[in-house]
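Numbering (the numbering used here), first residue to last: 1 to 202.
Each residue gets a CB set at the ideal place from its N, CA and C atoms; glycine is no exception.
Laid out in structure tokens, this is it:
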């Protein structure tokens, strides 16, 4: 699925996105975000910021830049930032061609975005490029389960999820991180290995 088709999908359901994700966010994903983002510091790039769900979990000392391919999603993120009293620079852009200088950020974050990028390895290489040498890349992603039954289910729903959300449910996230030339500092798996929590560096 091409980038423009993915963009159109998210433009179309941006206003409903948070409601659709509400139960999962409340039961699990919100806690995973909080745990991941408490280690983030300094000048931060949030790639695929979407509706801005990460904003409430960043330290007030962080300077946040968010980028997303969908203007409609960014509009929701802007409203959320205002409600939280957070300053965030929000930019329309492509995760596979980040419009930033080499080594511009202390930390780069991507949460639940790698499933939708046509070329996740290219996107990770871009995150590596814009992150400082001593910086860190923090990922919360869903992908290929470590459980055989769930992998079978993922394969069965793969086509439907791709058509509906532009989402590749079966991607091996840790493998993509290594293919991008990043060193994995830590990786944890949750919910039968569906969710990957990764800290990586150049």
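Does DSSP classify residue i as helix, strand or coil?
i	result
residue 182	coil
residue 123	helix
residue 57	helix
residue 160	helix
residue 101	coil
residue 199	strand
residue 47	strand
residue 80	helix
residue 63	strand
residue 171	coil
residue 40	coil
residue 149	helix
residue 194	coil
How far does the beta strand (DSSP E) with residue i in it reach, from first residue to last?
i	result
residue 133	131–142
residue 91	88–92
Could you give the C-beta distance for residue i and residue j, rounded to a whole number, given that I count them as a contact under 8 Å?
i	j	result
residue 69	residue 33	Not confirmed; about 20 Å, so no contact.
residue 135	residue 107	6 Å
residue 45	residue 65	5 Å
residue 50	residue 77	7 Å
residue 132	residue 105	7 Å
Using C-beta distances below 7 Å, list every residue in its chain close to residue i, excluding the 5 sequence neighbours before and after it, in chain order.
i	result
residue 176	114, 120, 121 and 124
residue 36	138, 140 and 197
residue 96	117, 119, 122, 123 and 126
residue 180	121, 124, 125 and 128
Which residue comes first and which comes last in the alpha helix (DSSP H) that contains residue i?
i	result
residue 112	No alpha helix (DSSP H) holds residue 112; DSSP gives it neither H nor E.
residue 30	30–37
Which residues in the same chain have their Cβ closer than 8 Å to the Cβ of residue i, if we skip the five residues on either side of it in sequence?
i	result
residue 172	143 and 144
residue 170	143, 144, 151, 154, 155 and 158
Does the beta carbon of residue i come closer than 8 Å to any beta carbon on chain B?
i	result
residue 191	In the structure shown, chain B does not exist; there is a single protein chain.
| query | Between the region 110–119 and the region 85–92, do three or more beta carbon pairs fall short of 8 Å? | reply | no
| request: Taking 8 Å as the threshold, find out whether the region 132–145 comes into contact with the region 156–166 through three or more Cβ pairs. | output: no
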